[in-house]
Every structure is written in structure tokens, then in C-alpha cells.
Amino acid sequence: ISATNRILEGRIKEGAFREDLFYRLNVVVMSIPPLRERKEDVPELIEHFLKKYAAENNRKIVGLTSEAQDMLLKYDYPGNVRELENIIER
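Position 54 of the sequence shown, counting from 1, maps to 204 under my numbering, and the rest follow consecutively.
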């Protein structure tokens, strides 16, 4: 399994990605839209990351305020899921 946020065909033309490697990896392609296009996933991801970091830090976290949750739902996440995770971790 591999992932990228680049258009690899363009990178091949630029000489920045090996064509043979591209065809080895490009057997089954799954396109997952960015988080800004799947806002319905945000609450579940928030819950997942809250549980993850609560367990890692041996803390009990009840949840977010409705105001905080609303802010997170309205944000566009240019950094995608990693950005949401970093926000929750802080």
C-alpha cells in the first residue's frame, strides 16, 4: 500500500519519479477525496484521535465543547487528516 498527494504521471514526465516504479505500484488505485470534501468523516476522526491520544497519555478525555467541534467541522484542512490529528494531539 502506498499513498501520495502528488500527480505521479506529471512527476514521471518531469523525471522526478521512476516510471517502472509507478507501474509496479499502480495495480489497484483507490482515490480518497481530501477531508475538506468529506466533512461527514470529521466527527468520527475526532473521536478516534481523542481516544488515541488519551490512551497514549494515560488521560481521560470526555470530548470537545460544541464550539470546538463546530470550529473543527467548518475548517478546510489543507493538511488533510494529518492536520486534524495534529490539532487533536495538541
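Built from N, CA and C at the ideal position, the CB exists for glycine as well.
- Boundaries for residue 184: no alpha helix (DSSP H) harbours it, and the DSSP string shows neither H nor E there.
- Rounded to the nearest whole angstrom, the C-alpha separation of residue 158 and residue 181 is 13 Å.
- Between residue 185 and residue 192, the beta carbon gap of about 7 Å places them in contact (Cβ cut-off 8 Å).
- Judged by pairs of C-beta atoms under 8 Å, the stretch 192–204 does not touch the stretch 160–168, as fewer than three such pairs exist.
- By the neighbour-count criterion, in which a residue is buried when 16 or more other Cβ atoms sit within 10 angstroms of its Cβ, residue 173 is exposed.
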